[in-house]
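Numbering (the numbering used here), first residue to last: 52 to 327.
Don't be surprised by glycine CBs; every beta carbon is placed ideally from N, CA and C.
Quick caveat, the model's predicted, so the values are computed rather than measured.
One structure is given here, and the rest of the page talks about it.
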């Protein structure tokens, strides 16, 4: 049976996650449920896409991913189900898929139409779970919705390139558990535009002329420990998801602090790469 994953902004204090899992098990006693995250910042679509984009590829093809962020049904926020990269996604049409599908086109999209039979103020529980269980039993998308060709585009937080290819302008889209600030500038875009040129990364009032591949790259292991870089040294790095990140070496939010707090780099703040 397919794995069903959950990505929500519900947190774990309230009953919501337990109710969703209980309903899935009531319909599919042998279901396999995996929590990707329930600590998405409330209604944060960009953060949702970043986390899910870097998690779903680790699951087997055919996995079913329920996205429960900003999921209330209204005229401007329909519900959709789709096949993307041989995975199923069930989510609101709020732009999250445009960020997930920036490089891969969905194979099929349907607008979910089972709401006529369901009155609900909790669509993740009452609608998304039913759709996920239908798919897990081998059901097709056409049964639960009408085929559509397009989905809502969210381009506000996409990086831009100057007309002369001298500058990439991006934004901080996520602050991780260590307080590191992650931008929407990918390594692929950086290499395509930079073409090996010298560069300067500007984030707030700080400047970086080197991008590391590992956090420990800033350490000179040939010198004594007393002479090495100390915890809290700022650096730029392409992280494991291959996005440009401004980090603090061995950051600890309880002691040293992270890039977000120490450098003032928060969600939506601008980060710029200038090539020479």
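Residue i - DSSP class collapsed to helix/strand/coil
i	result
residue 119	strand
residue 291	coil
residue 59	strand
residue 99	helix
residue 272	coil
residue 314	coil
residue 109	helix
residue 186	helix
residue 223	strand
residue 239	helix
residue 264	coil
residue 72	helix
residue 245	helix
residue 87	strand
residue 104	helix
residue 211	strand
residue 64	coil
residue 114	coil
residue 181	helix
residue 154	coil
residue 17	Look at the range of the chain in this structure, 52 to 327, and you will see that residue 17 is not part of it.
residue 12	Because the chain in this structure spans residues 52 to 327, residue 12 falls outside the shown range and cannot be described.
Whole-Å CB distance - residue i paired with residue j, under 8 Å assumed
i	j	result
residue 233	residue 244	Not really, about 19 Å apart at Cβ, beyond 8 Å.
residue 94	residue 136	Between residue 136 and residue 94 the Cβ distance is about 25 Å, and since that is not below 8 Å, they are no contact.
residue 310	residue 230	6 Å
residue 100	residue 175	Their Cβ separation, rounded to whole angstroms, is 17 Å, which puts residue 100 and residue 175 out of contact at 8 Å.
residue 249	residue 327	5 Å
residue 221	residue 236	4 Å
residue 252	residue 321	Actually they are not in contact, since the Cβ atoms of residue 252 and residue 321 sit about 12 Å apart, beyond 8 Å.
Per DSSP, cross-strand counterpart(s) of residue i
i	result
residue 142	131
residue 159	134
residue 257	254
residue 191	According to DSSP, which records beta bridges pairwise, residue 191 is partnered with nothing at all.
residue 286	298
residue 218	325
residue 197	162
residue 125	128
residue 54	83
residue 232	226 and 297
Proximity below 8 Å, CB of residue i to CB of residue j
i	j	result
residue 116	residue 63	no
residue 142	residue 131	yes
residue 298	residue 259	no
residue 164	residue 196	yes
residue 87	residue 98	no
residue 263	residue 270	no
residue 266	residue 300	yes
residue 140	residue 118	yes
residue 255	residue 316	yes
residue 114	residue 138	yes
residue 178	residue 171	yes
residue 150	residue 205	yes
residue 318	residue 285	no
residue 58	residue 103	yes
residue 72	residue 84	yes
Q. Do the stretch 71-89 and the stretch 178-192 touch if we need at least three Cβ pairs shorter than 8 Å?
A. Yes, since at least three Cβ pairs between the stretch 71-89 and the stretch 178-192 fall closer than 8 Å, the two stretches touch.
Q) How about the stretch 211-220 and the stretch 156-165: do they share at least three Cβ pairs that are nearer than 8 Å? A) Below 8 Å, too few C-beta pairs join the stretch 211-220 and the stretch 156-165 to call them touching: fewer than three.
**Q.** Three CB pairs or more closer than 8 Å across the stretch 188-206 and the stretch 283-299
**A.** Contact between the stretch 188-206 and the stretch 283-299 is absent, with fewer than three C-beta pairs closer than 8 Å.
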